[in-house]
Amino acid sequence: MARRDAGTGIEEPIWDEGRVVVGLDEVGKGSWAGPLMVGAVVIPVGGCMSGVRDSKAMTERAREAIFEDLADWCAAWS
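Mapped onto the numbering used here, the consecutive letters of the sequence shown carry residue numbers 338 to 415.
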């Protein structure tokens, strides 16, 4: 079965209140204290970037290929 984009049904009421929506993903091995890497993006109002899902489900090449587009699309990233 093909995966669908999640849509923005949950985020829309938050944006309507003037609040910010942040998406994040983490990756790590070993204990909960580390090593750990976390990335976060401020999602633009009405935004939903196609093809972006859990980074662990993507190949390294796919993650690297989407980085510039994702960085340009989001309102801010860290």
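We put the CB at the ideal spot given by N, CA and C, even for glycine.
Treat the numbers as computed from the prediction; the structure is a model and nothing was measured.
With 16 or more other CB atoms across the displayed protein chains lying within 10 angstroms of its CB, Val378 is buried.
The DSSP-derived three-state label of Glu354 is coil.
Under DSSP, the beta-bridge partners assigned to Met374 are Val364. Ile347 is not bridged by DSSP to any residue. For Asp391, there is no enclosing alpha helix (DSSP H), as DSSP marks it with neither H nor E.
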